[in-house]
Structures are given as structure tokens and as C-alpha cells.
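Chemist:
Numbering (our numbering), first residue to last: 5 to 417.
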């Protein structure tokens with residue numbers, strides 16, 4: 005049995021962050037449940053790093069819409085990927101921050117000397133979010149049974165009993181739109197910019213290194229296919245295409261502006277990285293990309309959950325004695341264009357700031373497989389930081405139920 009020594013956060017590094025391609029809901033990965041996607045990203049990471057049975061202590065995976073098909077999905081994926089029965093695993097949920105939370109918990113676990121090598125990331129199969137019924141163990145009464153959509157239900161109940169958000173996350177985006185007087189035109193322009201940035205990154209091959217391919221099994225009618233690129237971006241999208249879309253909540257709110265085009269997608273995908281110490285990374289031949297400097301979470305009213313990145317970012321920057329201007333890259337997950345624009349107004353962003361902001365697209369263009377998104381962003385951010393030879397990068401996002409999360413990473417030279 006290996007002995008673990010306390011390392012401290014300064015010695016922790018994040019190695020080889022990778023992700024699967026992101027699939028559209030009911031798209032190319034529709035036939036793969038979350039456990040299979042998690043297994044695929046682990047197998048891809050293992051292939052790159054040479055890690056095997058006995059090398060990994062724990063697998064921490066975020067997942068927002070878990071069920072009993074792959075309970076404690078990190079453990080199931082570890083077993084499926086051949087890491088051995090001694091490798092532990094779990095599943096955690098901090099809504100859209102789940103994948104990033106898994107990575108940060110892994111950093112703390114290594115820093116405390118509890119583990120030497122952890123794989124952390126997240127997974128989501130929104131195509132397979134099921135409908136479920138409550139109370140059937142006691143027997144059905146009456147003539148009907150109510151089925152809940154797990155995904156829609158989680159969005160409307162995230163505020164608990166005291167802070168209900170009956171319209172779900174769309175309602176929170178419209179609340180920010182009204183509070184900050186954000187126009188539909190601004191939202192559509194930001195959405196178009198996101199798709200253009202993602203298309204440019206794909207064309208230039210900037211995602212090639214971070215993506216591990218996924219083989220989708222064939223059937224009698226269809227051959228197996230190897231998926232190597234994101235499915236959600238629309239390279240040919242125009243502003244006119246976005247303007248034609250109707251607001252989703254137009255019947256509940258005639259002033260509504262959020263459409264399927266200026267909001268994030270519902271997607272399938274997985275992400276993972278290796279978290280360890282510098283010394284262990286060198287011994288195992290792992291390439292360290294970034295090290296965690298600090299992270300924070302913050303609570304905001306559930307009705308305006310999209311503003312969460314503002315206080316979360318303020319907390320982590322204050323903790324480090326840094327400013328937003330010190331960040332060479334800023335990744336703010338695009339849950340909704342309205343929510344992003346509200347944060348940018350609080351940050352007093354200028355046109356010049358866009359040169360370091362979501363430079364390869366984000367949730368609106370690349371998609372938002374919620375449990376995996378934190379790790380997806382990290383895989384993109386870490387490699388872009390190296391391309392630019394920058395020092396600091398900020399990853400931040402809003403979380404359902406009224407939270408924000410932010411983390412600062414430093415490039416490992």
C-alpha cells in the first residue's frame with residue numbers, strides 16, 4: 005500500500021485535461037448513457053497517459069442528472085475502464101459547476117495527502133435524462149400517474165421551497181434581462197460571436213489535442229462511427245437565423261427575449277484530467293498544464309442565479325490579491341447570453357477585453373453537458389493559456405439554485 009504525504013496546494017498540478025466531443029441532445033451520442041461516456045473519456049485519458057491498474061487512487065466525477073444505471077459514476081467508469089477494483093470513485097452535484105468542483109476537490113484531496121493520483125471531471129447525457137414518477141412504492145391511487153422530466157424538474161426545484169423558480173433557468177435569465185435592460189439584439193450578437201469563435205477554433209484545429217474520440221457502436225442498419233468533433237457549433241449561422249427564433253417564454257412574459265439560439269444547448273459529453281503533485285507527475289511522465297491557485301463559491305438569489313460569477317470571481321481574486329485585468333484568459337460559461345451580458349456589465353467590460361474572453365466559444369456554441377462543462381472548459385482553457393504563454397486564467401460559471409463558482413489557474417511552464 006502506498007503512503008501519502010501532505011503536499012500543499014502549491015505542489016498540486018493538473019495534467020492532460022481532455023474531453024469527449026460534445027454531442028447535441030438526441031444527437032450522435034443519444035445511444036450512449038452517462039456511464040458509457042464517462043468510461044470513454046477515462047479510456048482516452050488512460051491511453052494518453054499510460055496510467056493503469058494500481059496507479060489511480062480515486063475518480064471524482066460531477067454529474068447533475070444521475071440515476072441508478074451508473075451509481076457513483078466515477079466508480080463505475082473506473083471499473084469499466086480497467087483501473088482495477090482498488091480504485092475508488094464517486095459522483096457529486098453542484099449543478100453546472102459539478103465538473104469543476106470535482107477537479108477542485110481532487111486538488112484539495114491531493115494537497116491534504118489523502119491521495120497521490122486522482123482522475124477528476126464530469127459527465128452528462130442529457131439525451132438520456134429520464135421521466136420518473138414518485139410515490140409508486142405505496143401504490144398508485146386514482147386514474148393517472150404524473151411523470152416528471154428529470155432535467156426540467158431539477159431546474160424548477162433548485163431554489164428549494166423558500167425560493168421557487170417555477171419557470172426554471174429561463175426565468176432567471178429573463179429576470180436579469182429585465183434588471184439590466186439587455187436587448188434581444190445584444191443577446192443574439194453575443195450568441196453569433198460564440199458560434200463564430202467555436203467555428204474558427206475548429207477550423208484551426210485548436211480542439212484537436214484536447215478531444216479524445218468516442219466510438220459509437222453500430223447496429224444492423226448502421227455501422228459503428230468514431231466521433232472526433234463537436235456536434236453543436238453551427239459554422240454557417242447568421243444573425244438573421246437567430247432573429248427568426250421566437251422567445252421560449254413569450255406566453256408567460258410578452259417582453260421575453262431568450263430563445264433556443266441565445267441560450268446554451270442541452271448536450272452529451274464527458275471530461276477528465278489527472279490531479280497529482282509535481283513530483284508524482286514527473287515520476288509518471290505526465291505533462292502538467294496548470295496549477296490551481298484558488299477557487300471560491302458564492303450564493304445569490306435563485307431568481308437571478310446567472311449573476312453568480314460576479315461575487316464568486318470577486319472572492320477568489322480578492323483572496324489572491326489579483327484583479328480581473330491580471331487574467332490572461334477569462335472563461336465565463338455561456339448559460340444564457342442575457343446572463344453573460346449582465347456579468348460583463350458588472351465587470352465593466354470593454355471591446356478590448358473580448359480578446360481574452362471565451363476566445364474559442366462557450367456554452368451557446370459548444371454546448372453545455374452540465375456535469376461535464378467545468379472539465380470541458382478546463383481542457384480548452386489550459387491549452388489556450390499555453391498557446392498564448394499567459395500566466396493566469398479564470399474559469400467561472402453560474403449554477404442553478406443561485407450560486408456562482410470561480411477558479412484561478414496558473415500555467416505550468
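We treat Cβ as the ideally placed atom computed from N, Cα and C, and that holds for glycine.
Everything numeric in this text was worked out from a predicted model, so none of it was measured.
Rounded to whole angstroms, what's the CA-CA distance from residue 234 to residue 215? Just pull it up for me.
Modeler: Their Cα atoms are separated by approximately 9 Å.
Chemist: How do the stretch 98-115 and the stretch 341-354 stand: do at least 3 beta-carbon pairs fall below 8 Å, yes or no?
Modeler: Too few Cβ pairs lie closer than 8 Å, so no.
Chemist: Which residues mark the beginning and the end of the beta strand (DSSP E) in which residue 272 is found?
Modeler: First-last of the beta strand (DSSP E) with residue 272: 271-281.
Chemist: Have a look at the DSSP bridge pairing and note the partners of residue 299.
Modeler: Note: residue 299 sits in a beta bridge opposite 411.
Chemist: Excluding the five sequence neighbours on either side, which residues of its own chain have a C-beta within less than 6 Å of the C-beta of residue 248, listed in chain order?
Modeler: Nothing meets the Cβ criterion.
Chemist: With a 10 Å radius around its C-beta and 16 neighbouring C-beta atoms as the bar for buried, classify residue 223 as buried or exposed.
Modeler: Exposed.
Chemist: Evaluate residue 236 with the Cβ neighbour count: other Cβ atoms within 10 Å of its Cβ, from every protein chain shown; 16 or more gives buried, anything less gives exposed.
Modeler: The residue is buried, with at least 16 neighbouring Cβ atoms inside 10 Å.
Chemist: Tell me whether the beta-carbon of residue 243 lies closer than 8 Å to the beta-carbon of residue 194.
Modeler: Cβ atoms of residue 243 and residue 194: not closer than 8 Å.
Chemist: Given a cut-off of 8 Å, decide if residue 250 and residue 174 are closer than it, judged by their beta-carbon atoms.
Modeler: No; because the gap between Cβ atoms is not below 8 Å, this pair is not in contact.
Chemist: May I have the straight-line CA-CA distance separating residue 384 from residue 415, to the nearest angstrom?
Modeler: Computed Cα separation, rounded: 13 Å.
Chemist: Helix, strand or coil for residue 401, going by three-state DSSP, please let me know.
Modeler: Strand, per DSSP.
Chemist: Have a look at residue 246 and residue 88 and give me their C-alpha separation to the nearest angstrom.
Modeler: Answer to the nearest angstrom: the Cα atoms are 48 Å apart.
Chemist: Give me, in chain order, the residues of the same chain whose beta-carbon lies closer than 8 Å to that of residue 19; leave out the 5 immediate sequence neighbours on both sides.
Modeler: These residues qualify, in order along the chain: 53, 277, 278, 279, 280, 285, 290, 291, 292, 293.
Chemist: Tell me which residues share the same chain as residue 171 and place their Cβ nearer than 8 Å to its Cβ, disregarding the 5 neighbours each side in the sequence.
Modeler: Contacts found: 160, 178, 253, 256.
Chemist: Please classify residue 219: is it buried, with 16 or more other beta-carbons within 10 angstroms of its beta-carbon, or exposed?
Modeler: With fewer than 16 other Cβ atoms within 10 Å, it is exposed.
Chemist: Please work out which residues of its chain come closer than 6 Å, Cβ to Cβ, to residue 230, disregarding the five sequence neighbours upstream and downstream, and give them in chain order.
Modeler: Only 217, 219 meet the Cβ criterion.
Chemist: In its own chain, which residues sit with a C-beta less than 6 Å from the C-beta of residue 376, not counting the 5 before and 5 after it?
Modeler: Counting only Cβ-Cβ distances below 6 Å, and skipping sequence neighbours, we find 103, 126, 127, 128, 273, 274, 275.
Chemist: So, at 7 Å on beta carbons, what are the nonlocal neighbours of residue 303 in its own chain, with the 5 sequence-adjacent residues on each side left out?
Modeler: Same-chain partners within the cutoff: 406, 407.
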